[in-house]
Amino acid sequence: MINCLLANLNSIPFDFVARQKIGGENFNYFILKQLPVIPPDRYTPEILDFIVPRVVELTYTAWDLLPFAEDVLKEVGEEAWRRWFPENPLDGEGRPAPFRWDEERRAALRADLDGLYGHLYQLDREDLDQILETFPIVKRKDEAKYGEFRTKRLVLEAFGRLKEDQSISINHHEIAPSL
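With the working numbering, the residue at position 22 of the sequence shown is 22, and numbering never jumps.
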């Protein structure tokens, strides 16, 4: 479940709400209690199967994070690991190698997670579009580097794909309160 918490806390929809709640530089327990963290019991096996491999690949990028990867491997089992990461097999001692840092791949994985959390927070495409527009620094950096607001395009594309994906059932009325 730590993978879901990591994904949730790092998602664009969550960041948007956190920025609205935190008025200054103080982040205290009372503000934390107001933030819309999705409860663990709301994650279906299909949603877990979507989130966990993406978080692992985004997080486990160096050998010093091997204990994290081993904990995930212990929790999900070798079969799930091999299914999720056929290109990253376990070594002779049953240890996974860290994932290669690839900016394009990481952007796609983050967009997948942000698109999913857009659905989990019951956003429609227009809501998510408006939320993405509240990230001017991301927009400026994307436009300088890619000539477009690439993060927005990738997140909205992922959001659209997930809406059509029949393998992930997202019942908006049961997952989380709307933002």
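For each residue, glycine too, the CB sits at the ideal point set by N, CA and C. Because the structure is a prediction, the values reported are computed rather than measured.
Spatially closest choice to residue i from the options, by CA coordinates
{"i": "F14", "options": "V155, E164, L35", "result": "L35"}
{"i": "P136", "options": "C4, F16, M1", "result": "F16"}
{"i": "A62", "options": "R95, E75, K33, M1", "result": "R95"}
{"i": "Y121", "options": "G24, P39, I2, I31", "result": "P39"}
{"i": "V138", "options": "Q130, A111, D127, K152", "result": "K152"}
{"i": "N10", "options": "V37, L66, D91, A69", "result": "V37"}
{"i": "Y146", "options": "R19, E25, E104", "result": "E104"}
{"i": "L123", "options": "V76, G160, R140", "result": "G160"}
{"i": "D49", "options": "M1, Q130, A144, D102", "result": "M1"}
{"i": "D165", "options": "I47, E25, D102, F27", "result": "I47"}
C-beta atoms of residue i and residue j nearer than 8 Å
{"i": "F85", "j": "P45", "result": "no"}
{"i": "L154", "j": "R125", "result": "no"}
{"i": "R100", "j": "L58", "result": "no"}
{"i": "I12", "j": "L132", "result": "yes"}
{"i": "L66", "j": "E78", "result": "no"}
{"i": "Y43", "j": "C4", "result": "yes"}
Opening and closing residue of the alpha helix (DSSP H) in which residue i lies
{"i": "E57", "result": "45-59"}
{"i": "E25", "result": "Looking at the DSSP string, E25 is not in any alpha helix (DSSP H), and its letter there is neither H nor E."}
{"i": "R153", "result": "150-164"}
{"i": "N10", "result": "N10 -> no alpha helix (DSSP H), and no H or E assigned at all."}
{"i": "V76", "result": "66-76"}
Spatial neighbours of residue i in its chain, beta-carbon cut-off 6 Å, leaving aside the 5 residues before and after
{"i": "L6", "result": "V55"}
{"i": "L73", "result": "W81"}
{"i": "A69", "result": "Y60, P96"}
Cβ neighbours of residue i in the same chain (closer than 7 Å, five flanking residues each side left out)
{"i": "L162", "result": "G115, L116, H119, I168"}
{"i": "D112", "result": "R54, A158"}
{"i": "T134", "result": "F16"}
{"i": "A18", "result": "L35"}
Cβ neighbours of residue i in the same chain (closer than 8 Å, five flanking residues each side left out)
{"i": "I51", "result": "N3, C4, A7, Y43, L113, L116"}
{"i": "R150", "result": "A107, D142"}
{"i": "E148", "result": "D142"}
Closer than 8 Å to chain D by CB, residue i
{"i": "G147", "result": "Considering every chain present, this structure includes no chain D. It has just one protein chain."}
Item to check | Length-filtered (4 minimum) alpha helix (DSSP H) runs lying within the region 79-143 | outcome: 103-120, 125-132
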